[in-house]
Structures are given as structure tokens and as C-alpha cells.
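Take a look at the structure set out below.
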Amino acid sequence: MLCLDAGSLIDLWKNKNEPNHPLQGLLRKYSGEIFLVSGMAAGDLLEQAGQISEARLQEAILFLGLFKVAPISQDTALHYARIVTHLSQVGQKEGRTRADLWNAATCIENGATLVTRSSHYLNTVPGLVVIGY
Amino acid sequence: MNIKTIALEPKVYERLAALKEHSETFSKLVERLMRGAPQPHNGSTISDRLKEIPLQPLSVVEAEQMLKKIQ
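The listed protein sequences derive, respectively, from chains A and B. Note that the working numbering numbers the first sequence so that position 116 is 116, with each residue one more than the last. Note that the working numbering numbers the second sequence so that position 12 is 12, with each residue one more than the last.
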């Protein structure tokens, strides 16, 4: 299972007609794997599409429908808390947004690999497997 | 062995049981039936559906505007 963050979703939307884009390559490479989006990333995408126009918001709804959206559960919250606590204790919380950390928690809960362009910020989260592009 | 229990309506159970081969377990039967079922959120389906849905690619300006707000 792979999990795309909001940045990856935006990149894929922008490059939907570019078969050589790395994200298109990932869809082909992991053709049998489920692609997941965290509730947080889904919210970010819809919010930003809505800021552009109502038409873009409607397109974003269609686009998101291609992915499995993972709800934020109490287990996700617990993973989030543990990640934040660990990174704070080792002094590595700097540079990571709340959305990054919620995405990481969603991935750990679902056993998914995170796909992100900001892989360098998240490589040190314990238990998180990251694919950068 | 770790197992999960599911509830089926009697009519569905009868149909499923009729498909089961003599030496086959219900788990193996469901697994066999699922082999041909489309997986709605896998890479292959997303790749195909991406070409079909009415979605105009984001422009560079739109993508940058969206990325700036989420970073």
C-alpha cells in the first residue's frame, strides 16, 4: 500500500497527461498496490482546489475518488502523538509540518509507504517507509 | 490461526456455498472469486481512470499556489 501526500496529489494532477512523470511511473510500478490518501491530505487538496474555483473543487472531488481515503482514527492520533514526542525528544521536529506528521501517522497505522517530494524531512520518522521523487 | 467472522444473508450464503468446490474452504473460495474482481484504488486502475475522468491538468501557477499554502 502506498500513501500520497497533498503535494504528490497536486503534482500528479498537474502531470496527469505526462506518462514519463515519476508519479505516473509509480502508478505503473505498483500497479497492484492500493493507493491511499490521508484524511488530512484530502482536506488540504480540496481546500486549495476550492480556493482556486468551484470548478476546480468539483474536479478535485472526482480526482480524490480514485484513491482510498483513510479516516483519522484514535489509533492515527496515537501514532501522531508518538511521532511528535519522539521527534521533539531527539530535536528533529523542525521543518516538519503538522500535515507531514499526520500523513506519517496514517502511513504507520495502515502499513503504507509514504510518497512525497519532501522525503528528506520524513526519513527519520521511526517505522515510516518513504519514497521520494 | 487468526480468523475473522462475517455475517451473510442466507440467500448469499446459499449462492456462495453452491460455488464452493468439495475440498475448498470458504476462505479459499472468496480468495478465488476476488482474483477477477477489479481493485478500485490500485495503481493500475488509477492510471487508467486518470485518463478517463474530466480533469484538466493544473496549470503551473495553480499548482504553485496550492503547494505554497500546504507547505
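Glycine included, every Cβ here is placed at the ideal spot set by N, Cα and C.
Against chain A, the CB of proline 10/B has no partner CB under 9 Å away; the residue lies outside that interface. Per DSSP, glycine 39/A has no beta-bridge partner at all. Those residues of the stretch 25-40 of chain A placed with their C-beta closer than 8 Å to a C-beta in chain B are Leu26, Leu27, Arg28, Lys29, Tyr30, Ser31, Gly32, Glu33, Ile34, Phe35 and Leu36, ordered along the chain. When rounded, the separation of the alpha-carbon atoms in tyrosine 30/A and alanine 42/A is 21 Å. DSSP places valine 12/B inside the alpha helix (DSSP H), whose first and last residues are 10-19.
Neighbours of aspartate 44/A across chain B, judged by C-beta separation under 7 Å: Ile70. In this structure, His79/A is the residue among His79/A, Val90/A and Ala49/A with its C-alpha nearest to the C-alpha of glycine 127/A. When secondary structure is reduced to three states using DSSP, valine 90/A falls in the coil class, being assigned neither helix nor strand.
The C-beta separation of glycine 132/A from arginine 117/A comes to about 7 Å, placing the pair in contact by the 8 Å criterion.
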